[in-house]
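The opening position of the sequence shown corresponds to residue 163 in this note's numbering, with each subsequent residue numbered one higher. C-beta atoms are modelled at their ideal positions from N, C-alpha and C, and glycine is treated no differently.
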Amino acid sequence: MKFSLKLLSVLILLLLFSSAIHAQELPFYDFDQVDYYSIDISTQDISEIEYQRKKNSFEYKKISKKDSLFLSILRNNHPETIEEDFPEKLIKYGFKKTDINKKRYPEINTIFSEKPCNDDLGSFCIPIFRDIFIFRKKDQIVGIAKICYSCHLATIIGTERNIRNFGSCGDFRKLQELMNK
Numbered sequence: 163m164k165f166s167l168k169l170l171s172v173l174i175l176l177l178l179f180s181s182a183i184h185a186q187e188l189p190f191y192d193f194d195q196v197d198y199y200s201i202d203i204s205t206q207d208i209s210e211i212e213y214q215r216k217k218n219s220f221e222y223k224k225i226s227k228k229d230s231l232f233l234s235i236l237r238n239n240h241p242e243t244i245e246e247d248f249p250e251k252l253i254k255y256g257f258k259k260t261d262i263n264k265k266r267y268p269e270i271n272t273i274f275s276e277k278p279c280n281d282d283l284g285s286f287c288i289p290i291f292r293d294i295f296i297f298r299k300k301d302q303i304v305g306i307a308k309i310c311y312s313c314h315l316a317t318i319i320g321t322e323r324n325i326r327n328f329g330s331c332g333d334f335r336k337l338q339e340l341m342n343k
């Protein structure tokens with residue numbers, strides 16, 4: 163009886179300790195620099211790239227490789243893995259780089275962390291990823307987060323953490339305010 167009571171006590175302590183660890187907001191990335199890229203492009207401008215008509219015709223032109231990659235960055239999951247030349251591609255396509263004050267890093271670290279809450283309402287819009295965060299450690303890219311504020315969607319790569327609840331707990335609003343969007 164005494165042994166089973168001790169065993170039960172140990173199990174309860176382990177359960178409490180385990181839940182306390184999971185309740186922590188574990189950061190997605192270990193970083194010392196965050197680069198922020200954004201582009202001011204309308205949905206109409208994107209549609210014009212997607213649906214270029216041939217002159218004097220109702221047929222559409224085949225999208226160039228360059229435009230296809232640009233659309234993939236804006237609309238899809240490109241890149242799917244970390245690419246060291248990704249920042250140069252963003253600049254080439256018209257994204258503007260903005261330096262983020264290091265004083266904001268703790269807030270960014272909290273936003274880009276595992277969350278215990280889940281207030282996901284789903285999204286019924288086609289995302290346009292106009293805002294991209296590139297996380298670096300010792301000048302090496304360790305992660306990329308592409309954000310669509312209007313759809314409340316994100317594409318996040320380079321982390322082993324659970325990104326399922328990213329954006330919950332008001333993260334999109336907090337990030338938008340932090341970046342003055």
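>> For the alpha helix (DSSP H) containing S209, name the first residue and the last one.
In response: By one-based count along the sequence shown, residue 209 stands at place 47. Start and end: 205-212.
> Thinking C-alpha only, which one of K224, Q214, R266 is nearest N342?
Replying inline: Translated into the one-based positions of the sequence shown, residue 342 becomes position 180. Ranking K224, Q214, R266 by Cα distance to N342 puts R266 first.
> Based on Cα-Cα distance, which residue from F274, I203, I325 lies nearest to L233?
Replying inline: For the purposes of this step, residue 233 is taken as residue 71 along the sequence shown, with counting starting at 1. Out of F274, I203, I325, the CA that lies nearest to the CA of L233 is found in I203.
> Are the Cβ atoms of Y198 and I273 separated by less than 7 Å?
Replying inline: Your numbering for residue 198 matches position 36 in the sequence shown. Your numbering for residue 273 matches position 111 in the sequence shown. Cβ distance not < 7 Å, so Y198 and I273 don't count as in contact.
>> Excluding the 5 residues flanking I319 on each side, which residues of the same chain have their C-beta closer than 6 Å to its C-beta?
In response: Position 157 of the sequence shown, counting from 1, holds the residue named residue 319. Listed in chain order, the non-local C-beta contacts of I319 below 6 Å within the same chain comprise I306, local neighbours out to five positions each way being set aside.
> Quick one: Cα of P268 to Cα of F334, how far?
Replying inline: Counting from 1 along the sequence shown, the entry for residue 268 is found at position 106. Counting from 1 along the sequence shown, the entry for residue 334 is found at position 172. Straight-line Cα distance between these residues: approximately 16 Å.
>> Buried or exposed, going by whether 16 or more other CB atoms sit within 10 Å of the CB of Y222?
In response: Mapped onto the sequence shown, residue 222 falls at position 60. Burial call: exposed.
> What are the start and end residues of the alpha helix (DSSP H) that includes R335?
Replying inline: Along the sequence shown, one-based indexing puts residue 335 at 173. Unbroken alpha helix (DSSP H) run through R335: 333-340.
>> Among T321, K258, G256, whose alpha-carbon lies nearest the alpha-carbon of T243?
In response: Mapped onto the sequence shown, residue 243 falls at position 81. Taking only the C-alpha atoms, the option nearest T243 is T321.
>> Closest to S330 by C-alpha separation, out of D247, K277, S200, L188, would be which residue?
In response: Position 168 of the sequence shown, counted from the first residue, corresponds to residue 330. For S330, the nearest C-alpha among the options comes from K277.
> I294: buried (16+ other C-beta within 10 angstroms of its C-beta) or exposed?
Replying inline: Reading the sequence shown from its first residue, position 132 is the one you call residue 294. Buried.
> In whole angstroms, what is the alpha-carbon distance linking F297 and K224?
Replying inline: Here residue 297 refers to the residue found at position 135 of the sequence shown. Here residue 224 refers to the residue found at position 62 of the sequence shown. Spanning the alpha carbons of F297 and K224 requires a straight line of approximately 35 Å.
> Rounded to the nearest angstrom, how far is the Cβ of L236 from that of F291, given a contact under 8 Å?
Replying inline: Here residue 236 is taken as the residue at index 74 of the sequence shown, counted from 1. Here residue 291 is taken as the residue at index 129 of the sequence shown, counted from 1. Their Cβ separation, rounded to whole angstroms, is 6 Å, which keeps L236 and F291 in contact under 8 Å.
> Enumerated in chain order, which unbroken segments of the alpha helix (DSSP H) with a length of 4 residues or greater are wholly contained in the stretch 272-329?
Replying inline: At a cut-off of 4 residues, not a single continuous stretch assigned as alpha helix (DSSP H) sits fully inside the stretch 272-329.
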